[in-house]
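A.B. asks: In the numbering used here, each residue carries its 1-based index in the sequence shown increased by 17.
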Amino acid sequence: MYKKTIEKNIKEYETIFGDFYRPILLDLEDIIENLLNTYREHINEKEIILNDIINSLLYELNRISFRTLLYEFHLTKDENEVNDQDHHFKNYIKLLKDSNYITSILDKYEHLKQLIKQRIQFKIELIEKIFEHFSNDKSKLKQHIDNEIHAIHGIEFSHGDSHNQGKSVTILQTNSGKLVYKPHNLYTDQWFYEILNVLKEDINIDMPEIPLFTVDDHGWQGFIYHKPCTKTEELSNYYYRMGIYLSVFYLLKTDDIHYENIIASGEYPFILDLETIVANKKIHCDEEKESLMYTFLESITNSVLGTMILPVNYKFSPFDVDISALSTKEAESNIWLSYVIEDAGTDNIRLIKQPSPLNKENNKVMLHNKVANPFDFLNSIESGFSHGYDSILKNKNKITEICHSNLVNKINVRHIPRATSVYAKFLDASTHPTYLRKTETVKTLFNKFRRGTSFTEIKQAESEISALLSHDIPYFTQPLTSKSLYCNEMSVIEDYFQDRPIDLVLNRLKNMGIKDKEKQLYYIKMSMVTDGSNNLTNIHGNQILGFKNTEIDSILKEVGNELIDTAIIYKDTCTWMIHEVTDNEKVYIGPLNYCLYDGAGVLLFLLELASYSNNKKYLQYAEMGLKGLDTDIEVSKIDSHSVFHGIGSYLYLYARFYNTTQKTEYYHKLLDGVKKLDITYKKDLNIDFIGGLSGMIVFLTNCYRAYGDEIFYKKANEFAELMISVYKEKSEFLNGLAHGHAGISLSLASLYEINNDYEISNEAYKIIKQENLHFNSNDNNWTDLREFINTESVYWCHGAPGISLARMKTIQYLGISDLLDKDLKCSIRKTLQDGFSDSHDSSLCHGVFGNLDILIEINKYKKCETLSHFIDATFSSYIDNLTKFGYQSGIKNSLPINNFMLGKFGIAYTLLRYKNNKIPCILSLDI
18 MYKKTIEKNI KEYETIFGDF YRPILLDLED IIENLLNTYR EHINEKEIIL NDIINSLLYE
78 LNRISFRTLL YEFHLTKDEN EVNDQDHHFK NYIKLLKDSN YITSILDKYE HLKQLIKQRI
138 QFKIELIEKI FEHFSNDKSK LKQHIDNEIH AIHGIEFSHG DSHNQGKSVT ILQTNSGKLV
198 YKPHNLYTDQ WFYEILNVLK EDINIDMPEI PLFTVDDHGW QGFIYHKPCT KTEELSNYYY
258 RMGIYLSVFY LLKTDDIHYE NIIASGEYPF ILDLETIVAN KKIHCDEEKE SLMYTFLESI
318 TNSVLGTMIL PVNYKFSPFD VDISALSTKE AESNIWLSYV IEDAGTDNIR LIKQPSPLNK
378 ENNKVMLHNK VANPFDFLNS IESGFSHGYD SILKNKNKIT EICHSNLVNK INVRHIPRAT
438 SVYAKFLDAS THPTYLRKTE TVKTLFNKFR RGTSFTEIKQ AESEISALLS HDIPYFTQPL
498 TSKSLYCNEM SVIEDYFQDR PIDLVLNRLK NMGIKDKEKQ LYYIKMSMVT DGSNNLTNIH
558 GNQILGFKNT EIDSILKEVG NELIDTAIIY KDTCTWMIHE VTDNEKVYIG PLNYCLYDGA
618 GVLLFLLELA SYSNNKKYLQ YAEMGLKGLD TDIEVSKIDS HSVFHGIGSY LYLYARFYNT
678 TQKTEYYHKL LDGVKKLDIT YKKDLNIDFI GGLSGMIVFL TNCYRAYGDE IFYKKANEFA
738 ELMISVYKEK SEFLNGLAHG HAGISLSLAS LYEINNDYEI SNEAYKIIKQ ENLHFNSNDN
798 NWTDLREFIN TESVYWCHGA PGISLARMKT IQYLGISDLL DKDLKCSIRK TLQDGFSDSH
858 DSSLCHGVFG NLDILIEINK YKKCETLSHF IDATFSSYID NLTKFGYQSG IKNSLPINNF
918 MLGKFGIAYT LLRYKNNKIP CILSLDI
């Protein structure tokens, strides 16, 4: 039976050099047969179990040997053409049947030979331990997990990480279903359930535990099966329970509850692995690492966001996909690339790298066969978290007692000093034939971990290298009541940590309170909108992160105070969590960035709110925010000159801050920045208003009018020459202010007003006339020339509203003319007629508040009572809707986001301008 089983499995591996392993596996016959015979009374289906063992060994051996065999195969290929298809591969398979050839390979690759022997030994020892522990623990397994358990019918060996000499989680198929074996104790699980039970009893909710039995060196768990919900109420119950779990994991500072660590079983979420239940950090010897950015990242780590339960869509995340427990969207990682074998069994057999798909089947919450969207159940998550948090506050004494129980002294929590993926990449690299010849050679690869110079860094690296040489993932643990680090169950580094894990939990418990709860609920909302549905079906979705007040001054105060309350402060700087939006409308959480469009516009809101409300606190935070941008971002590395997205954003901020505060430091920074502007000609130079030169020219001419310094005049003229050259070489431009003709012509008109160069004026008129060729008299609008746009646009960025603003400003610079007057009247009429439809969102960029802002600016010029009444009535209507129904942001799914041009803060800025129209219009880059 043994030889037959080997041949069957080798046949399955034949197209990937399976014959290489035949003599190696045949040599194990006595060992494996004796092992199976020793525990035969605990084994049924011996043939199946033998097949499982052989298959697992083959997988293990192929994982470390394949690249070498592939390399050797290609060495045997000759250059002579033959008619027989896959002639070379067939010949190599024959060669692999020669035991002498196999011996020569193993002699040539000494480290491979050693590794094969070692990994086989580890696997056999693991199997023996599993059988032994099953035999010894059977009565306890019946008592604690399943009374029907009697015998093992099969073994599912993990293809995941192995630690401590090949130990890994293994699933046994028994006569009564599946049983999970873990090569470490489960005291962390018991401790977690003790804390959870306090909340369950208080809240009066059913949250089943995974049945388990544990001893000091291993543990067993019942197997949890994924299954769908049968009614909508169960979906709500599931997410409510997830909210409770979130409150407990926040208390425990857990940071590893990702999608692979959870099973959705009907209305019950089950957490599979609690090894890393308390996350701790090494002592930070280098205080220089502290910065505003470091503080921002720490604020994520130390919040509910750090648990990984909530969507992990962060600007600076090491992950390019969402791996959170709540994530359900299918994704492929372009960072975690994996090797796959292509054209197996042919002369062209090779390894190729491809993105790694994430299997999210087990954590998907389903109603029958339809996947639920977690955002639709945000209310349930918030409610569960709130009730869980309140219960923790109510039961602080009980939880403190549990944290001082005898069980705590038995608990070791896993510590992960580096991402497991880093170790995995090194192990993958180590299977290259270059490294498998000599152990000393592979050591040179792993010695890259020896970068630290402190005692603890050296000891840690030694332990990492030791594990990697055995092809294991390094495994570190820390007792809950100790500051020491235990390495691969073999050595100890004393005082590795600054804190004991149990003290971290007790300190978190002590500091939890109502104000912190509100902050965490805010973070939950911030995170959840990054994973929102593309089809918004509930009004509540628009109300989150919205406005609570109905009167404008109260709204402004509300937004200003929110920014103060949520500021992340480091010394005399601060930042905020904001939502950044990518070109493909992916929403990320990141720190306040320098771009006016996404982030820095927030500072202008605070700056102007300080003047409007006469509240110096808002000014203080605005200046701290600007200083944070100054100190945390290297301006010299910004390659864009855009005023909305690039270096121009800084210059615009300096000008506005100087105008408000009259602090000369801001003006000096403005001058210095303008002097350093160096833009050279290239064919693809961006010249539009929002992203390129025309916006910069408008800003520079506005600075010249305000300050009179010649550098602004000089640079504006210099950049205008560049812009005209690029414009004349291109045959196609879009229409509109932000991205097209209107913005370019406006910049030339603004320049003409200060240099009186009629060629510039003529060029401006030419561009306006070119744009007017695309005027559609039926729609009373300029055609949107973007691809795949089938409807007309009535926004600041595209269409009549933005063009109306550009033409009004152009009239102020060039003087009135029939052409400009006609354009202005047409564009205003179109804006009033179609600029406030139900299809419009609320944003500054392409929504109703952008159009209102434009009308405010235009009416400063026209002073029209009818227009004034329209503005008042429209504001009144929209303010009412804001508080009743929330607002719709400028992203595709309209979910509220904390963003300037697309979200909440741009709306607030427009409300501020409505109250005081002397505040500069950012849509025309006034200062």
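Cβ coordinates follow ideal geometry from the N, Cα and C atoms, glycine included.
Nothing here was measured: the structure is a model prediction, and the numbers come from that model.
According to DSSP, is T231 part of a helix, a strand, or is it coil?
C.D. replies: Reading the sequence shown from its first residue, position 214 is the one you call residue 231. In this structure, T231 counts as strand in the three-state DSSP scheme.
A.B. asks: Leaving out the 5 sequence neighbours to the left and right, which residues in its chain are closer than 8 Å to G283 when beta-carbon positions are compared?
C.D. replies: For the purposes of this step, residue 283 is identified with residue 266 of the sequence shown, where counting begins at 1. Excluding its 5 nearest sequence neighbours in each direction, G283 has C-beta neighbours in its own chain below 8 Å: K244, P245, C246, T247, E251 and Y255, listed in chain order.
A.B. asks: What does a CB cutoff of less than 7 Å around T85 pick up in its chain, not counting 5 residues either side in sequence?
C.D. replies: The count along the sequence shown starts at 1 and reaches residue 85 at position 68. Cβ within range, chain order: Y126, L129, P450 and L453.
A.B. asks: Less than 8 Å between the CB atoms is what I'm expecting for L613 and F661, so what's the real figure, rounded?
C.D. replies: Position 596 of the sequence shown, counting from 1, holds the residue named residue 613. Position 644 of the sequence shown, counting from 1, holds the residue named residue 661. With 8 Å as the limit, L613 and F661 qualify as a contact, their Cβ atoms being about 5 Å apart.
A.B. asks: Taking the CB atoms as reference points, tell me whether S344 and K387 lie closer together than 8 Å.
C.D. replies: Against the sequence shown, residue 344 aligns to sequence position 327. Against the sequence shown, residue 387 aligns to sequence position 370. No, the Cβ-Cβ distance between S344 and K387 is not below 8 Å.
A.B. asks: Restricting to Cα atoms, I'd like to know which of I222, D801 and K184 is closest to H235.
C.D. replies: The residue given as residue 235 occupies position 218 in the sequence shown. For H235, the nearest C-alpha among the options comes from K184.
A.B. asks: For the alpha helix (DSSP H) that K935 lies in, which residues bound it at each end?
C.D. replies: Residue mapping note: residue 935 aligns to position 918 of the sequence shown, counting from 1. Per DSSP, K935 belongs to no alpha helix (DSSP H) and is neither H nor E.
A.B. asks: Along the chain, where does the alpha helix (DSSP H) that runs through L538 open and close?
C.D. replies: The residue labelled residue 538 in the question sits at position 521 within the sequence shown. Element bounds for L538: I531 to M545.
A.B. asks: Would you mind sorting R435 into buried or exposed? The rule is 16 or more other CB atoms within 10 Å of its CB.
C.D. replies: Indexing the sequence shown from 1 puts residue 435 at position 418. Exposed, because fewer than 16 other Cβ atoms sit within 10 Å of the Cβ of R435.
A.B. asks: Taking the continuous alpha helix (DSSP H) assigned at D138, which residues delimit it?
C.D. replies: As a position in the sequence shown, residue 138 is number 121, starting the count at 1. Rather than Asp, the amino acid found at residue 138 in this sequence is Gln. Segment E127 to H161, the alpha helix (DSSP H) holding Q138.
A.B. asks: Is the separation between the beta-carbon of H432 and that of F493 shorter than 8 Å?
C.D. replies: Stepping through the sequence shown from its first residue, residue 432 is reached at position 415. Stepping through the sequence shown from its first residue, residue 493 is reached at position 476. It is a contact, given that the beta carbons lie within the stated cut-off.
A.B. asks: Would I784 and S762 be called neighbours here (beta carbons separated by less than 8 Å)?
C.D. replies: Numbered from its first residue, the sequence shown carries residue 784 at position 767. Numbered from its first residue, the sequence shown carries residue 762 at position 745. Yes, these two residues count as a Cβ contact at 8 Å.
A.B. asks: Between the Cα of L538 and the Cα atoms of L562, S501 and I519, which residue gives the shortest distance?
C.D. replies: Residue mapping note: residue 538 aligns to position 521 of the sequence shown, counting from 1. The shortest C-alpha to C-alpha distance from L538 to any of L562, S501 and I519 is the one to L562.
A.B. asks: Rounded to the nearest angstrom, how far is the Cβ of M713 from that of G665, given a contact under 8 Å?
C.D. replies: Stepping through the sequence shown from its first residue, residue 713 is reached at position 696. Stepping through the sequence shown from its first residue, residue 665 is reached at position 648. Right, their Cβ atoms sit about 5 Å apart.
A.B. asks: Taking all protein chains shown into account, do 16 or more other C-beta atoms lie within 10 angstroms of the C-beta of N26, making it buried, or fewer, making it exposed?
C.D. replies: The residue labelled residue 26 in the question sits at position 9 within the sequence shown. The residue is buried, with at least 16 neighbouring Cβ atoms inside 10 Å.
A.B. asks: Checking 8 Å against the spacing of the C-beta atoms, do E788 and A817 come in under that value?
C.D. replies: Translated into the one-based positions of the sequence shown, residue 788 becomes position 771. Translated into the one-based positions of the sequence shown, residue 817 becomes position 800. Here E788 is not near A817, since their CB atoms are 8 Å or more apart.
A.B. asks: Let me make sure I understand the geometry here. Which of V576, L643, I541 and L626 has the alpha-carbon closest to that of I606?
C.D. replies: Here residue 606 refers to the residue found at position 589 when the sequence shown is read from its first residue. With distances taken between Cα atoms, I606 lies closest to I541.
A.B. asks: Would you tell me roughly how many angstroms separate the C-alpha atoms of T554 and N396, rounded to the nearest one?
C.D. replies: The residue labelled residue 554 in the question sits at position 537 within the sequence shown. The residue labelled residue 396 in the question sits at position 379 within the sequence shown. Any answer about T554 is weak, because its pLDDT of 47 lies below 50 and its placement is not dependable; what the coordinates show is given next. So the two alpha carbons sit approximately 14 Å from each other.
A.B. asks: Where does Q190 land, buried or exposed, given buried means 16+ other C-beta within 10 angstroms?
C.D. replies: Along the sequence shown, read from residue 1 onward, the residue named residue 190 stands at position 173. Taking all protein chains shown into account, Q190 has 16 or more neighbouring C-beta atoms within 10 Å of its C-beta and is therefore buried.
A.B. asks: Going by C-alpha distance, which of L462, G549 and G708 is nearest H596?
C.D. replies: Counted from its first residue, the sequence shown places residue 596 at position 579. That would be G549, whose Cα lies nearest to the Cα of H596.
A.B. asks: Relative to the C-alpha of S73, which candidate in F174, Q850, V576 and D178 has its C-alpha closest?
C.D. replies: Within the sequence shown, numbered from 1, the residue matching residue 73 stands at position 56. Taking only the C-alpha atoms, the option nearest S73 is F174.
A.B. asks: Which residues mark the beginning and the end of the beta strand (DSSP E) in which A672 is found?
C.D. replies: What you label residue 672 is simply residue 655 of the sequence shown in a count that begins at 1. A672 -> not in any beta strand (DSSP E); alpha helix (DSSP H) instead, spanning I664 to T678.
A.B. asks: Flag this pair as touching only if the region 346 to 365 and the region 216 to 227 have three or more C-beta atom pairs under 8 Å; answer yes or no.
C.D. replies: Taking one beta carbon from each stretch, the region 346 to 365 and the region 216 to 227 have fewer than 3 pairs nearer than 8 Å; the two do not touch.
A.B. asks: So which of D339, K842 and Y812 has the shortest CA-CA distance to E349?
C.D. replies: The residue you call residue 349 lines up with position 332 of the sequence shown. The shortest C-alpha separation from E349 is found at D339.
A.B. asks: Would P374 be called buried (16 or more neighbouring beta carbons within 10 Å of its own) or exposed?
C.D. replies: Position 357 of the sequence shown holds residue 374. Exposed, because fewer than 16 other Cβ atoms sit within 10 Å of the Cβ of P374.
A.B. asks: Can you give me the C-alpha to C-alpha distance between L268 and L526, rounded to a whole angstrom?
C.D. replies: The count along the sequence shown starts at 1 and reaches residue 268 at position 251. The count along the sequence shown starts at 1 and reaches residue 526 at position 509. Distance between the alpha carbons of L268 and L526: 6 Å.
A.B. asks: Looking only at C-alpha atoms, which of L52, I294, N412 and G864 sits nearest to L203?
C.D. replies: Locating residue 203 in the sequence shown gives position 186, where the first residue counts as 1. Selected option, being the one with the closest Cα: I294.
A.B. asks: Measure the C-alpha to C-alpha separation of I556 and G663 and round it to an integer number of angstroms.
C.D. replies: Numbered from 1 along the sequence shown, position 539 holds the residue referred to as residue 556. Numbered from 1 along the sequence shown, position 646 holds the residue referred to as residue 663. Note on I556: pLDDT 44, under 50, position unreliable in the model; no value is reported.
A.B. asks: Going by C-alpha to C-alpha distance, which of E457, T437, L410 and L327 sits closest to E399?
C.D. replies: Counting from one through the sequence shown, the residue named residue 399 turns up at place 382. Of the listed residues, the one whose Cα sits closest to E399 is L327.
A.B. asks: Pull up the distance between the alpha-carbon of C302 and that of E474, whole angstroms please.
C.D. replies: Here the question's residue 302 lines up with position 285 in the sequence shown. Here the question's residue 474 lines up with position 457 in the sequence shown. Confidence at C302 is low in this model, with a pLDDT of 48, below 50, so the placement of that residue should be treated as unreliable; the coordinate-derived value is given next. Using only the alpha carbons, I get a separation of about 11 Å.
A.B. asks: Please name the residue or residues paired with A281 in a DSSP beta bridge.
C.D. replies: Mapped onto the sequence shown, residue 281 falls at position 264. Looking at the DSSP assignment, A281 forms a beta bridge with P286.
A.B. asks: Classify C302 as helix, strand or coil using the three-state DSSP reduction.
C.D. replies: Counting from one through the sequence shown, the residue named residue 302 turns up at place 285. Reliability of the predicted coordinates at C302 is poor, the pLDDT of 48 falling under 50, and no value is obtained from them.
A.B. asks: By how many angstroms is the C-alpha of I33 removed from the C-alpha of F443?
C.D. replies: For the purposes of this step, residue 443 is taken as the residue at position 426 of the sequence shown. For the purposes of this step, residue 33 is taken as the residue at position 16 of the sequence shown. Looking at the backbone, the Cα of F443 and that of I33 are separated by about 23 Å.
A.B. asks: When we look at the beta-carbon of H275 and count the other beta-carbons within 10 Å, is it buried (16 or more) or exposed?
C.D. replies: Residue mapping note: residue 275 aligns to position 258 of the sequence shown, counting from 1. Classification for H275: buried.
A.B. asks: S373 bridges to which residues according to DSSP?
C.D. replies: The residue you call residue 373 lines up with position 356 of the sequence shown. DSSP output for S373 lists S350 as bridge partner(s).
A.B. asks: Could you tell me whether the Cβ atoms of I510 and F106 are closer together than 8 Å?
C.D. replies: The sequence position of residue 510 within the sequence shown is 493, counting from 1. The sequence position of residue 106 within the sequence shown is 89, counting from 1. No.
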